[in-house]
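J.: First the structure, which I've put down as structure tokens, then a few questions once you've had a look.
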Amino acid sequence: MTWTGFLSPSWAWLFLLIIPLLVVYFLKLKRPRFEIPSLVLWHSVINDQRVNSPFQRFKKHLLLWLQLAILLSLILAAMQPFLRGEPGSSDNRPILIDCSASMAAVDTRGGPTRMERAKERIAELIEATLPGRISLIAVGAGARQLTEFTNNKRILTKALDTLTVRDVPGNLVDGLRMAQALARRETISTVTLVSDGNFPDLQDTAGGQKIARVDVELPFELQFEKLETATVNMGITAFNARRQTAAGAADSLTPWDVFVRVSGSPTEVTSGEVLLEQDGQEVGRQPIALEAGQSKRLVYSLQTPGISRLAARIVSDGFDGLSTDNTAYLELPVSRSLLVWCDTDLQSYRHALQVFPDVTVYPDSDASGQPDVFDLAITETTQKANPNLEASVRLVVGEIPEDLAELVTIRTGSSPVVDWNRGSLLLQHVNLDSIEIADEPVRGDDVLDQHFREAGYEILATGRSGPLVLARHTPGRQAFYLLFHTDRSTLPYRVGFPVLIKNAIDITRHAAGLAEVGGQPTRVLAPRMLDRNTTYTVSGPGSSPQTFRTGPDGMLSGIPAPHVGIYRISENGSEVARVGAGILDAGESSLASADLIEPRDEELRVGASTTQIDTDRPLWPTLAWIAFVVLLVEWWYFQKKTVRVSG
Amino acid sequence: MTTTSPGNQLTTLLDNQALTRLERLRLQPNRRKTNRTQGEHASGKGGSSTEFADYRNYVPGDDVRFVDWNIFARLNRPFMKLYQYEEVMHVAILVDASNSMNFENKFERARQLAAALGVTALMGIERVSAYVVGASGEPPRVMPPSSGRVSMRRLFDFFERAECGGDAPIDSAVEAMLRRHRGKGLAIIISDFLTPTSLARPFNLLYSAGLEIFALQVLGPTEIDPELTGDLRLVDSENGGTVDVSSIDELHGIYHEHREQLQEHVRRQSRIRNGRFLSISSETPLELVLFDLLQRQGWLK
Chain A
1 MTWTGFLSPS WAWLFLLIIP LLVVYFLKLK RPRFEIPSLV LWHSVINDQR
51 VNSPFQRFKK HLLLWLQLAI LLSLILAAMQ PFLRGEPGSS DNRPILIDCS
101 ASMAAVDTRG GPTRMERAKE RIAELIEATL PGRISLIAVG AGARQLTEFT
151 NNKRILTKAL DTLTVRDVPG NLVDGLRMAQ ALARRETIST VTLVSDGNFP
201 DLQDTAGGQK IARVDVELPF ELQFEKLETA TVNMGITAFN ARRQTAAGAA
251 DSLTPWDVFV RVSGSPTEVT SGEVLLEQDG QEVGRQPIAL EAGQSKRLVY
301 SLQTPGISRL AARIVSDGFD GLSTDNTAYL ELPVSRSLLV WCDTDLQSYR
351 HALQVFPDVT VYPDSDASGQ PDVFDLAITE TTQKANPNLE ASVRLVVGEI
401 PEDLAELVTI RTGSSPVVDW NRGSLLLQHV NLDSIEIADE PVRGDDVLDQ
451 HFREAGYEIL ATGRSGPLVL ARHTPGRQAF YLLFHTDRST LPYRVGFPVL
501 IKNAIDITRH AAGLAEVGGQ PTRVLAPRML DRNTTYTVSG PGSSPQTFRT
551 GPDGMLSGIP APHVGIYRIS ENGSEVARVG AGILDAGESS LASADLIEPR
601 DEELRVGAST TQIDTDRPLW PTLAWIAFVV LLVEWWYFQK KTVRVSG
Chain B
1 MTTTSPGNQL TTLLDNQALT RLERLRLQPN RRKTNRTQGE HASGKGGSST
51 EFADYRNYVP GDDVRFVDWN IFARLNRPFM KLYQYEEVMH VAILVDASNS
101 MNFENKFERA RQLAAALGVT ALMGIERVSA YVVGASGEPP RVMPPSSGRV
151 SMRRLFDFFE RAECGGDAPI DSAVEAMLRR HRGKGLAIII SDFLTPTSLA
201 RPFNLLYSAG LEIFALQVLG PTEIDPELTG DLRLVDSENG GTVDVSSIDE
251 LHGIYHEHRE QLQEHVRRQS RIRNGRFLSI SSETPLELVL FDLLQRQGWL
301 K
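For the protein sequence lines, the chains are A and B, in the order given. Its first residue numbered 1, the first sequence is counted upward by one per residue in my numbering. Its first residue numbered 1, the second sequence is counted upward by one per residue in my numbering.
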């Protein structure tokens, strides 16, 4: 391998231009005339000079040499020479670019962001790899292929220029999986990852290094180009609120405890103030000082008359590397009673619900108007059987979902509970031991638990022949299915039954945001119940407005929120909702960086390289600059007075 | 020294003070090359001057006026007193008036030196003739042989009217002079001696004509030290020929070598013919040349 090469050696024919340059130079050399008394001595001098060195006449032609230097520099620049760094520059090379929130950090006051430094490095990689084909892949919360494999520099540069940081945690696994998928259809020997090393779930090794373990097999060599980091940062990593338990539904003002967790730099002491704003007004301000690696939770108490939008902001005393994690948003809901639909046949449930003071059960006895949407629906039938009944949380008793009809059937028999998920929200603290159940769900032949998972259901309790309790979570909806009818079991007579109802109420309260609400993180906005079959426009920071349409259930979901800030949801120009999103990720705010990446095969552990890897370094810009400088020298030399006229 | 001609100056070439000093100086040739006409230079032959030379025996027919009677009285034998025979010396002054002399005060300085040396010759009772040669093929301007103080005005007028112009090389100028010159003595050649041909032939002609050679080279400062830079097209002032020189500043060393070779050539050609050679700059003050350089070199005494 030679140390250098040319990308366009065909331009070497331009060297022929040297001939006309020489001819024109000597033909058109304009010499000042200078009269002297006699040429006798100068004839002797010239003859002597020619005899001594026939080529010296070329040697002293500085202008000629300068012109030759310019010409040679331009020709060499046209031939695009490069210093060869590594073999395989013509290979297909995916370049994974970390564009997670931490890439917006600056490591020195007033310095470039990590993304800006990464772009410079990637631009060099592009120059070095061309004419090899490159595919740029942005790795944020997911992986996005910015370009197909191409050696079109304009396309690559344009894609690189438009790449921006997304205020979301990075997902390295997605990026590697995309590269893995590309490797199946393209020949890829090396994948380059340009990142600051801030990946989720970093672990410390015995040697004091941080390692990122990724559950991906790498069929290629991974080059991890780690940007040098040295950042001090303080950020909000959690923002939530809990309604004070003493509050009643009838109070006009709802008291809340608001919690703001602030994490500091893992290596430096940080300090500042945390401001809490309620609907744009400052309602709290607390100083905070954090030791290295420490995090603190600040508590604010406030009362809200209705919906309140909270914003927490950090005002740092010193240098703060990442500004986007200094703000978080939270929306406190209106306090109200839970609206529960409970079929009149389910007397045991209605009886159990009576003990909750802030729960209104429908249908009620006076048969007055009832709401369109309930928070909890306890029914004996599925939603399809009762399509007008809308509820965020549904508890279906003694009914098998229609999509599971082929997987499980009910037969009469005795079915003891074999096991249940004690950690599930619905069954926590519920003892199902020794419960007699007259209905026995039986799973079909060759039906495995996996089939239920594939259908979107989680098995919470299992009987002898099949599942007894199932859960299904969809965006904005939760449904729990008791495949046996509780009236045909001993469960209503056990202590676990009111606990089960209490758990269902708690789940509903959380789903309705009435008990505890959390700050909206970036990535995707939480689903929101709005009008059915309506088109809404969502405009957020750093992105153009997008339109989304609600379905028959009125749920608006899947709204991307890649940046920190306020997202406005409007219908026909009028704002119907406003949601703020913050990073709220301890990993991103810590700005910790991995030294190693360990794929599934531990032997292929990849070390970070903070020094730039050897790459094909293009030389044409240098040559172009040399030509320019030589041109300036020639201009100066030409303008210089060349003759001192005596006398 | 001023070269202007205020009303009380005898000539525009030399001021009166210098003329006064010049009147006390005499040319000092290496060899006596005189003519039979009586002059101030003692010949090897006996003569009738007042300068005693020797005695010899009296032979019949001798002029009894030269018998030393005191010795005859003591020795009773007649002895003839011999006296130095003083003959006149021709001084031919040749001034190169080609275009090459029309630079940097060279011709002006040549005229001044010619006038000054002519004055010393006239004051030494020599026969002085002067020649100014410019263009080749044209007859030179000639001042016929003159002698005595009375010819000083004539000498000054001749050189004051001398003009520069032409392309005559020094060898043809010498030939032109010798075609008109008669008599032995001294040839003072004032030129830059920038000639492509050897000086052996013209100097041989001068030597065989009985003229001792006083070669006085006058060069301009640029010729002595050409501080030129860059790429130039040098133009010959005499024939319009050109030479393209690149990076002329790099050739100064070679130029100096060739200039010194030329001067050594002229010096050698003069010396082997018992002549003298001196090279001066046209910028050198005239008093320094006349009353220091030429006296120290033995040209004047």
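Where is the CB? At the ideal position from N, CA and C, for every residue including glycine.
#1: Any beta carbon of chain A sitting closer than 8 Å to that of D236/B?
#2: Are M177/B and Y207/B touching if we call contact CB-CB under 8 Å?
#3: Classify W636/A: buried if its beta carbon has 16 or more other beta carbons within 10 angstroms, exposed otherwise.
#4: Going along chain A in order, which residues have a C-beta closer than 8 Å to the C-beta of R233/B?
#5: Quick check on the DSSP output: the alpha helix (DSSP H) that includes P221/B runs from which residue to which?
#6: With 9 Å as the C-beta to C-beta threshold (strictly closer), list the residues of the stretch 258-283 of chain B near chain A in chain order.
#7: Bridge partners for E98/A per DSSP, in chain order?
#8: Taking the beta strand (DSSP E) that K502/A falls in, what are its first and last residues?
#9: Which value, in whole angstroms, describes the spacing of the CA atoms of L202/A and I211/A?
#10: Helix, strand or coil: how does DSSP classify A624/A here?
#11: The beta strand (DSSP E) spanning T379/A covers which residue range?
#12: Can you list, in chain order, the residues of its chain whose CB lies under 7 Å from that of S246/B, leaving out five sequence neighbours each side?
#13: Assuming L194/B contacts V266/B under a Cβ cut-off of 8 Å, what Cβ separation, rounded to an integer in Å, is found between them?
#14: Is the Cβ of L21/A closer than 8 Å to any Cβ of chain B?
#15: In three-state DSSP terms, what is F259/A?
#16: Quick check: what's the CA-CA separation for M103/A versus E516/A?
#17: On the DSSP bridge assignment, give the partners of G565/A in chain order.
#18: Determine, using beta-carbon pairs with one atom in the stretch 214-226 of chain B and one in the stretch 269-278 of chain B, whether at least three such pairs fall under 8 Å.
#19: Counting C-beta neighbours from all protein chains within 10 Å, is the total for F374/A 16 or more, i.e. buried, or is it exposed?
#20: Name the DSSP beta bridge partners of K682/A, please?
#21: Let me know the secondary structure DSSP gives R182/B once reduced to three states.
#22: Decide yes or no for the touch test of the stretch 153-167 of chain B against the stretch 124-139 of chain B: beta carbon pairs closer than 8 Å, at least 3 of them.
#23: Kindly indicate which three-state DSSP category K296/A falls into: helix, strand or coil?
#24: Answer with yes or no whether the minimum CB distance from S8/A to chain B is below 8 Å.
#25: Taking A512/A as the reference, give the member of L407/A, V430/A, D439/A, L332/A with the closest Cα.
#26: For L41/A versus R259/B, is the C-beta distance shorter than 8 Å?
#27: Between the alpha carbons of L623/A and L156/A, how many angstroms are there, rounded?
#28: Quick check on DSSP: helix, strand or coil for E120/A?
#29: Evaluate A12/A with the Cβ neighbour count: other Cβ atoms within 10 Å of its Cβ, from every protein chain shown; 16 or more gives buried, anything less gives exposed.
#30: Would you call the stretch 183-197 of chain B and the stretch 69-80 of chain B touching, i.e. three or more CB-CB distances under 8 Å?
#31: Looking at chain B, is there any beta carbon in it that lies within less than 8 Å of the beta carbon of L41/A?
#32: What in chain B is Cβ-close to V45/A, meaning under 7 Å?
#33: Listed from N- to C-terminal order along the chain, which residues in the stretch 187-201 of chain B have their beta-carbon within a distance smaller than 7 Å of any beta-carbon of chain A?
#34: List, in order along the chain, the chain A residues whose C-beta lies closer than 7 Å to that of V245/B?
#35: Do G235/A and P266/A have their C-beta atoms closer together than 8 Å?
#36: Where does Q17/B fall in DSSP's three states?
T.: According to the structure data:
#1: Interface residue, yes.
#2: For M177/B and Y207/B, no; Cβs fall outside 8 Å.
#3: Classification for W636/A: exposed.
#4: Here the neighbours are R31, P32, R33, F34.
#5: Segment 221-224, the alpha helix (DSSP H) holding P221/B.
#6: H258, R259, Q261, L262: these are the residues of the stretch 258-283 of chain B whose beta carbon lies less than 9 Å from some beta carbon of chain A, given in chain order.
#7: According to the sequence displayed, residue 98/A carries Asp and not Glu. D98/A pairs with V139/A.
#8: Taken as a continuous stretch (DSSP letters only), K502/A belongs to no beta strand (DSSP E), being part of the alpha helix (DSSP H) at 496-512.
#9: The alpha-carbon of L202/A is positioned some 6 Å away from that of I211/A.
#10: Looking at A624/A - three-state DSSP - the assignment turns out to be helix.
#11: 373-379 is the extent of the beta strand (DSSP E) around T379/A.
#12: Take S246/B, set aside five residues on each side of it, and the residues of its chain with a beta-carbon closer than 7 Å to its own are D231, in chain order.
#13: About 10 Å separates the two Cβ atoms, so there is no contact after all.
#14: No, its Cβ sits nowhere closer than 8 Å to a Cβ of chain B.
#15: It is a strand residue.
#16: Whole-angstrom Cα-Cα distance: 32 Å.
#17: Looking at the DSSP assignment, G565/A forms a beta bridge with A581/A.
#18: Segments in contact, yes.
#19: Burial check for F374/A: the Cβ neighbour count within 10 Å reaches 16 or more, so the residue is buried.
#20: Summary: the structure shown does not reach residue 682/A, with chain A confined to residues 1 through 647, and so no result is reported for it.
#21: Looking at R182/B - three-state DSSP - the assignment turns out to be coil, as it is neither helix nor strand.
#22: Result yes; three or more Cβ-Cβ pairs closer than 8 Å.
#23: Strand at K296/A.
#24: Not flagged as an interface residue toward chain B: S8/A, since no C-beta distance is shorter than 8 Å.
#25: Out of L407/A, V430/A, D439/A, L332/A, the CA that lies nearest to the CA of A512/A is found in L332/A.
#26: Taking 8 Å as the cut-off, the Cβ atoms of L41/A and R259/B count as close.
#27: Approximately 24 Å between the Cα atoms of the pair.
#28: DSSP places E120/A in helix when its eight states are reduced to three.
#29: By the neighbour-count rule (16 or more Cβ atoms within 10 Å), A12/A is not buried but exposed.
#30: Segments in contact, no.
#31: Closer than 8 Å to the CB of L41/A there is at least one CB belonging to chain B.
#32: Close partners of V45/A in chain B (Cβ separation under 7 Å): L251, I254, Y255, H258.
#33: Within the stretch 187-201 of chain B, the residues whose Cβ lies closer than 7 Å to some Cβ of chain A are D192, L194, T195, P196, listed in chain order.
#34: Result: W42, I46.
#35: Their beta carbons are not under 8 Å apart, which means G235/A does not touch P266/A by this criterion.
#36: Residue state, collapsed to three classes: helix.
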